[in-house]
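Quick note: the sequence shown uses the numbering used here, first residue 25, plus one each step.
Backbone N, C-alpha and C fix where the C-beta goes; we use that ideal spot for every residue, glycine too.
Owing to the predicted nature of the structure, the values given are computational and were not obtained by experimental measurement.
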Amino acid sequence: MTAPIPDPRPPAPRRRSQLLVAAATLFAERGYAATRLDDVAAAAGVTKPIVYRHFASKKELYLALLRRHSDDLPRFLADGEIPSGASDEELARAVLDRWLEYVRDNRHAWLMLFRDSGGDGEIRAYRSAVAARARAVLVAFIDARSTLPAAQVEPTAELLRSALAGLALWWIDNPGAAKEDVLAVALRAAVAVADDGAA
């Protein structure tokens, strides 16, 4: 009896992940409108029918990437511990440091979320939902650890979210900038906002 011939194709989850990685790069570089499924197939080294086996449309593929990013958001704050009595400055430093690490590891997702304006209403709504989720993560993090008055927590989180989104894009465009320098500038801004709010 002869041994069965192994299937040379990668398992479905690995193939799906391979397609997501290729698509993330293309969407980040070209935007939603200019990226075709033919391009994704070529970048992944597969045929277009293989792409369709995993994703029914370009929109479904794009939304899968946005969903993955949204699901990852709470994790960037859960990777380390901050003492419960941390000062506002220590809290800001920890949040900003983790955010920059997250951006560095998820460059393509950031470009898709904050620079690409392509897609239909559902895609734009999903981008807005991701921004709201990021704000909610920051609200929960700040609220649990900060001495800010309750009425200032959500607007502080939104200011921080907006500033960090812009900072992330700047850092992506300036990869030679040292993380510590970017962190120092962001920390000064965050502490200034907190000081103004407490005044």
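Here residue 78 has 39, 40, 43 as same chain residues with Cβ atoms under 7 Å from its own Cβ, once five neighbours each way along the sequence are excluded.
Using a C-beta cut-off of 8 Å, the region 152-169 makes no contact with the region 63-80, since fewer than three inter-stretch Cβ pairs fall below that distance. Between residue 161 and residue 64, the alpha-carbon positions lie close to 32 Å from each other. At the C-beta level, residue 57 and residue 142 come within 8 Å of one another.
Shortest Cα-Cα distance from residue 187 to any of 201, 198, 212 involves 212.
Rounded to the nearest angstrom, the gap between the Cα atoms of residue 175 and residue 75 is 48 Å. Under the 10 Å beta carbon count, residue 171 is surrounded by fewer than 16 other beta carbons and is classified as exposed. Following the DSSP letters along the chain, one finds residue 159 inside the alpha helix (DSSP H) bounded by residues 145-169. With distances taken between CA atoms, residue 87 lies nearest to 136 out of 169, 109, 208, 136.
Counting only the Cα atoms, residue 123 lies some 10 Å from residue 189. Annotated three-state conformation of residue 51 is helix, per DSSP. Under the three-state reduction of DSSP, residue 199 is assigned to coil, being neither helix nor strand.
Annotation for residue 130: 93, 96 place their beta carbon closer than 8 Å to its own, counting only its chain and skipping 5 residues before and after. If you look at residue 66, you'll find it in the alpha helix (DSSP H) that goes 61-68. Residue 147 has its alpha-carbon roughly 11 Å from the corresponding atom of residue 82. Residue 89 sits away from residue 158, with the two beta carbons spaced by 8 Å or more.
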